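Going left to right, the sequence shown walks through residues 82 to 1172 as my numbering numbers them.
We treat Cβ as the ideally placed atom computed from N, Cα and C, and that holds for glycine.
Nothing here was measured: the structure is a model prediction, and the numbers come from that model.
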Amino acid sequence: MKKPINRHVNAHFIRGAFYVLLLLAVCLIPFALAQRTVSKRTLTFAERVAYQRAIEEVCWRHRIWPNENPDSKPLLDAVMTQAQLEKKVADYLRSSQALQDYWQRPITAKQLQAEMDRMAKHSKQPEVLREIFAALGYDSFVIAECLARPALADRLLRNWYCHDERIHGELKNRAEADLLAHPAVEQMKQTSGKYSEIELARSDSPGEKATRDSAHTVKLKSFEWGQTMHKLAATFHHRGAASQISDAVPIGVLSPLQEEETSYYATAVIAKSDDHLKLGTITWHKEPLESWLARAEKQPAMTVAAGASYSLPKISDMADSCIDDTWTALPGPPDGRIEHTAVWTGSEMIVWGGNGDQNTGGKYNPSTDSWIPTGNTNAPSPRGYHTAIWTGTEMIVWGGYDGSNGSNDLNTGGRYNPGTDSWTATSTSNAPAVRAVHTAVWTGSHMIVWGGSSTSGYLNTGGRYNPDTDSWTATSTTNAPSGRIEHRAVWTGSEMIVWGGYFYDGNQHYLNTGGRYNPDTDSWTATNTANAPSSRTWHTAVWTGNEMIVWGGSDSFPNGFLNSGGRYNPGTDSWVATNSADAPEPRALHTAVWTGSNEMIVWGGSVVGSETNSGARYNPSTDSWTSTSPTNAPIARNQHTAVWTGSEMLVWGGADNQSYPYSDDGGRYDPATDSWAPISSGNTPAARLEHTAVWTGTEMIVWGGRVRYTSYSNTGGRYIPSIDDWLATSTTDAPSGRNLHTAIWTGAEMIVWGGNEFGFPLNTGARNNTQSAPSTPTPTPTPPIPATGGRYDPGTDTWRATSTTNAPNVRENHTAVWTGTEMIVWGGSWTDMYNHRFLFNSGGQYDPISDSWSGTGGSGVPDPRDSHSAVWTGTEMIVWGGDNGFGFVNTGGRYNPLTGIWTSTSLTNVPTGRHEHTAVWTESEMIVWGGGYDNTGGRYNPNSDTWTATSTTGAPAGRLGHTAVWTGSEMIIWGGIYSSELNTGGRYNPGTDSWTATSLTGEPAARSLHTAIWSGNEMIVWGGQFVGGFSLTHTGARYCAQFGAPSPTPTATATATATASVTPTATQTATPWSGRCAPTPRLRPTPPPRP
82 MKKPINRHVN AHFIRGAFYV LLLLAVCLIP FALAQRTVSK RTLTFAERVA YQRAIEEVCW
142 RHRIWPNENP DSKPLLDAVM TQAQLEKKVA DYLRSSQALQ DYWQRPITAK QLQAEMDRMA
202 KHSKQPEVLR EIFAALGYDS FVIAECLARP ALADRLLRNW YCHDERIHGE LKNRAEADLL
262 AHPAVEQMKQ TSGKYSEIEL ARSDSPGEKA TRDSAHTVKL KSFEWGQTMH KLAATFHHRG
322 AASQISDAVP IGVLSPLQEE ETSYYATAVI AKSDDHLKLG TITWHKEPLE SWLARAEKQP
382 AMTVAAGASY SLPKISDMAD SCIDDTWTAL PGPPDGRIEH TAVWTGSEMI VWGGNGDQNT
442 GGKYNPSTDS WIPTGNTNAP SPRGYHTAIW TGTEMIVWGG YDGSNGSNDL NTGGRYNPGT
502 DSWTATSTSN APAVRAVHTA VWTGSHMIVW GGSSTSGYLN TGGRYNPDTD SWTATSTTNA
562 PSGRIEHRAV WTGSEMIVWG GYFYDGNQHY LNTGGRYNPD TDSWTATNTA NAPSSRTWHT
622 AVWTGNEMIV WGGSDSFPNG FLNSGGRYNP GTDSWVATNS ADAPEPRALH TAVWTGSNEM
682 IVWGGSVVGS ETNSGARYNP STDSWTSTSP TNAPIARNQH TAVWTGSEML VWGGADNQSY
742 PYSDDGGRYD PATDSWAPIS SGNTPAARLE HTAVWTGTEM IVWGGRVRYT SYSNTGGRYI
802 PSIDDWLATS TTDAPSGRNL HTAIWTGAEM IVWGGNEFGF PLNTGARNNT QSAPSTPTPT
862 PTPPIPATGG RYDPGTDTWR ATSTTNAPNV RENHTAVWTG TEMIVWGGSW TDMYNHRFLF
922 NSGGQYDPIS DSWSGTGGSG VPDPRDSHSA VWTGTEMIVW GGDNGFGFVN TGGRYNPLTG
982 IWTSTSLTNV PTGRHEHTAV WTESEMIVWG GGYDNTGGRY NPNSDTWTAT STTGAPAGRL
1042 GHTAVWTGSE MIIWGGIYSS ELNTGGRYNP GTDSWTATSL TGEPAARSLH TAIWSGNEMI
1102 VWGGQFVGGF SLTHTGARYC AQFGAPSPTP TATATATATA SVTPTATQTA TPWSGRCAPT
1162 PRLRPTPPPR P
C-alpha cells in the first residue's frame, strides 16, 4: 500500500522548492543580463549626444600630440563644439532613416549584433575599444545604438547611394542624351558636363615635344604609360596583349559612358603618338551624399532596431597580440580578379585565388556589408582555375595553375577554417595528377575532383578526398567520360553528374556528353544523349533536388552563344529542353544559382560583342522565365562568381568593360523584391597611388592621389584600428583632387598642400625669383586653381582651406615638415603648358593658428630640385638629394626657421646622388636610403656635420617608390619598384649597422608608390600600384615590429560612464562617433583554352 504524504511536509517541500528556485533565479538574472539585454528601450537625442561625447573623449585621449608642439594638449571642449557633436548624431540618425525610407532595408537588431561582434573580434586596438565599451557602461544596447549603428549606417548608405540609379538616373540619362546629341569629339565642349583636357607624355621616351595648345601635361614613366594604355583599351572594350593595346585605343571616338562613385564620365583620345596622348574628358558630377541626405531626411528620427536583443561581445584576446615580424591584412574587399572561386558558409561568402597569381581572398558578411581578408599564412600557392567546396566547417581549395611561377599546373590545395582564419595543406600522397579547369563537388564526407587539363592533355581522371583522414582515393576511369575542360558538375545526394565541356586536338570539340559517378561503387554511367542540349562549354548547371538544369554557354567562340538548355533527370536518364522563347539573351561565362524555391537565377556573362548585366529567373515547374530587374544591377561582366545565401544571390568580381584589370565589386539580388543592392567596399578608399597618409594615434588618414588613369582624387579614408574599419573623409570644402602633394599631422589637424591636378601643380601666386628651369624659361600663366591646400579635422570630419596669401609658388614633388607650430614646405617643380619644367629652391612657413605664410629665404639656400627628402630634427629642417633637372644630386642643407639661415650639409663621405629615396629622423641622425635603384644609404649627424654609410650586407635590393618608417630603434623600408614591383623590405638597426629582412609570410601584394605610417608598434602600408604598374590597389597590411620602441600613447584616464539619464550641457562638448572610431594572366576562356 502506498504510504500517504503528510500535507504539511508537502507544503514545506513546495515552499522550499520555491525559495530555491527564487534564489537560483536571483543568482542567474545578473548573469543573463550580462550576456543579453532584452528591452524595448529607446534613447533620446540628448542621451545619444551624451554617449557620443563619452566615445569621443576616449578617441581624443589617444590622439597623438606631437612632441614638437610647445603647448600642452588642449581639452576636447577646446577643439569641438556642441553643434558639431549634435550634427554627427543627427547625421547617423538620418542615414539610418534613409536606409528604411529609400531602400526599405532598415537596420535590424541582428545586423547591429553582427557589427558589434565584428568590432570585438577584429579590433586591432583592443585597449581603445575596451575603454569605449567602458565609457558606454558595458551596456550592449547603448553600444549597439551609439557605436555599431553609426558605423553600419554610414557603410550601407554610402555604398548604396553611390550607384543608385533612382537617385542618379536623371543625371545618367542627361549624360547619355548629351553623348547622343553630341557624338563627335569636336562637340564635347557643348555638353552639359564639365570638360577637361590632359596630355600624357612618356617621360623616359625621347619622342616629340608636347603640343602647344595643351594646358595640362602629365609625365609618366614607362610602367605608368603601360598602365594608362591598358586602362584606356579596357574603356573602349578591348583587352589583349601589350603589343595590341596601342592599336586598340582609337582616336576621335568617344568612349561609352563610364561610372565611378562620384561621377559619370566619357573619354576620347584627341591625338596619339608613340609617347604622347591627348585626352578629352566630360564629367557629370553626382550630388554629394551629404547634401542629398540633408535634403531627403530633414528631421532625424529616433530610430531603434525593432525587437532589440543584444549580447555583449567579448573583445578578442587574440587582438592584443602583436607578434614580431608578422603581417596582418587590413579590412576591405580583395583586389579585382577572374578565375577565382566563391563558397557560401551559412553566414559569409568566401572568395579566394584567381588571376593565376593570387593566393589572397576575403570573407564577405552581408549582415554587416563588410569584408575581412582571409589569412594567407600557410595558404596554398597562388593560382587560378582551381576549385573550392564548402564542407560545413571548412573551405577546401585544390588544383589550378600558378601563373606567378611559370604557369605550372598544380595538385596541391588547402583547407581553410574561417573561424580560426587558418589553413591546413591537403595531402599530395595519391592525389590526382596536376590539373586546372576541372570540377569538384562535396558529397557530405568527400570532395570529388574530376577532369581538367594539364601539359599532358585533357584528363578523365579524378580523386576522392577525405578531409577527416587527409587521404585520396582515385576515381575509376572505366566507362568514364572523355577528358575535357570547362564542363560542369553537380552532386545529387548519391551521384556526381558531369556534363558538357571542351577539348582540343588540333580541332575544337564542344561536347554534349557526360556521366554519373557513384562513389559508393566507384563506377560510371553515361548520361543519355537523346534530346540532350546541343554541345557547349562555359555553360552553367544547378541541382534542383531531382533534376540537373544546364543552360547557356558557347558552341563556337566568339559569336556562338546559346540561350538554350535542358533538365536532366538521373532517375529516368532523360532530358527535357528548357523554354527558349522568353529566355535571356544568349550568353556564356555567366553564373547560375538554385534558390531552393523552385527557381534558377542566371546572370551576367558574355554576349555577342560585349558583356551583359542582365539575368532571369527560371521556374522548372512552369518552364518559364522572368527577367531580373536591371535597376541598380552591377556593371556588365563575365567570369564572376555567384552564391546563394538563402535569401539573396551574391555576385562578385569578374571582367567588366570598365575596370582594369578586373572588377572588385559586386551586387546582392533579392528575388523576393526583384531588387539589387551593391556589395560594399567597406568604405575602403578607391584604389590609388601617389596619395598621402598620416597617423593620428587613433586612425590612419589617407587622402588624394591618382585614381583611374587620368583622374586625381579629393577623396580619402580613415582607417580606425580599434574597430578595424574604414570611414570616408568628407568631400565638403575639401581641396581639389591632386597627387604628388604633401601632408602633415599637427596634433589636431592634417594639413595637405600643393600637388598636381591634371598636370597643374597646385597653388596660386606670382612666380618666385628663385625658381630655375633646365630649359629657357617661358612666361607661364598663373594656374586657375584658387586653393593651395586644406586642413582636415578627423574629429569633426570637416575641412578648412589654407590661405593663399603669400603662399609659395605652385609645385609638386616638394617636401613638408611640421615644427610644432608651423608647416615648412620647400622645393619641388612645376611643368607648364609648353612642357617646360621649373624647379624651386624656395618654400614657405605656414602658421595654422594665424592661417598665414612667410618665406624660407636667406643665404646658403640649396640648389633648386624636386623628388628630394626632408626631415625635422627638433630645431632644423634638413633637405637632401633629389633631381635638379640635369641629374641626381647629393647635396643638401639645414634650415633654421627661427634665424632664416641655411647651412650646407657636408659632402665628405656623402652617398651618391639620387632621387625618390626615403629619409627618416632617429632623434640624432637622418638616415637616407634607396632611390634611383640603389640599395645604399647614409646616416647624417647634423651636430658633427658628418656622414656614415649604411651597410649593404643583408640590405634589401635597390629600389625607388618605396616607403620608410622609424620605429624608435629601427628604420623599416618596404615595397617599391626595380624592374617590377617588390614585396620585400628590411629593418635597419643604426646601432649595429645591420639589416634584417621583413617576413615574406602573409605579406601584402608587391607594390610601389604606396604609403606607410608607424602606429607605435606596427607599420601600416596601403594603396599603390602593382602587376607591373598595370593596376592600382586598395589593399594594405599591418606589419608588427615588436622590437621597435613604441611611440608614446597617452595613458587613458578614467572617464565617467554616460548613463541613460545624462543630459548634455549647453557648453562645448565631444564629437559624436561617426561609426568607425573617429581595388595579362593566362586568358583561358578563349578557345582553344588549353591545347
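Take Gly871, set aside five residues on each side of it, and the residues of its chain with a beta-carbon closer than 7 Å to its own are Ala815, Pro816, Val833, Trp880, Arg881, Ala882 and Thr883, in chain order. The Cβ atoms of Trp1002 and Ser1032 do not sit closer than 8 Å to each other. Secondary structure at Leu592: strand, using DSSP grouped into helix, strand and coil.
Leu1063 has Arg1088 as its beta-bridge partners, per DSSP.
Inclusion of Ala1045 and Thr999 in the CB contact set at 8 Å is warranted, their separation being smaller than that value. The Cβ-Cβ distance between Pro412 and Gly685 does not fall below 8 Å. Taking C-alpha positions only, Ala164 is separated from Pro381 by approximately 15 Å. Cβ-Cβ separation between Leu166 and Trp141: approximately 12 Å, too far for a contact (criterion under 8 Å).
Per DSSP, reduced to three states, the secondary structure at Leu411 is coil, with no helix or strand assignment.
According to DSSP, Ser691 shares a beta bridge with Val688.
Secondary structure note for Ala1078: its beta strand (DSSP E) is the uninterrupted segment Ser1075 to Ala1078. Only residues of its own chain outside the window of five on either side were considered, and among them Gly456 have a CB closer than 6 Å to the CB of Asp502, listed in chain order. With respect to the 8 Å criterion, Thr507 and Gly494 are classified as neighbours on the basis of their beta carbons.
Between the alpha carbons of Trp523 and Trp471 lies a distance of about 7 Å. His357: not part of any alpha helix (DSSP H); member of the beta strand (DSSP E) spanning His357 to His366, first to last residue. As far as DSSP is concerned, Cys227 takes part in no beta bridge.
Check the Cα spacing between Tyr391 and each of Gly798, Tyr976, Asp704 and Glu196: the tightest is with Glu196.
8 Å or more divides the Cβ of Thr937 from the Cβ of Ser987. Distance between Met781 and Trp961, taken at the CA atoms: about 27 Å.
Taking 8 Å as the cut-off, the Cβ atoms of Tyr466 and Val518 count as close. Contact between Thr316 and Leu281 does not hold, since the beta-carbon distance rounds to 14 Å and is not under 8 Å. Between the C-alpha atoms of Asp152 and Ile1054 there is a straight-line separation of about 33 Å.
Put simply, the stretch 727-739 does not touch the stretch 367-380. Fewer than three CB pairs are less than 8 Å apart. Pairing Gly835 with Thr869 gives a Cβ-Cβ distance under 8 Å. In the structure shown, Thr556 adopts coil according to DSSP, grouped into three states. In the three-state reduction of the DSSP assignment, Val266 falls in the helix class, which pools H, G and I. Distance from the Cα of Phe126 is smallest, within the candidate group Tyr1120, Val788 and Val385, for Val385.
Bridge pairing for Tyr649: Met629 and Trp656 [DSSP].
Here Pro394 is near Asp198, since their CB atoms are less than 8 Å apart. Between the alpha carbons of Gly532 and Pro614 lies a distance of about 20 Å. Distances from the CA of Thr980 to each of Phe967, Ser563, Met958 and Phe969 were compared; the closest alpha carbon is that of Met958. Taking 4 residues as the shortest admissible run, the stretch 167-202 contains no complete alpha helix (DSSP H) segment at all. In this structure, Pro415 places its C-beta atom within 8 Å of the C-beta atom of Thr441. Burial check for His143: the Cβ neighbour count within 10 Å reaches 16 or more, so the residue is buried. Judged by DSSP secondary structure, Val130 falls within the alpha helix (DSSP H) whose first and last residues are Phe126 to His143. The way I'd put it, the stretch 886-904 does touch the stretch 914-931; three or more beta-carbon pairs between them come closer than 8 Å.
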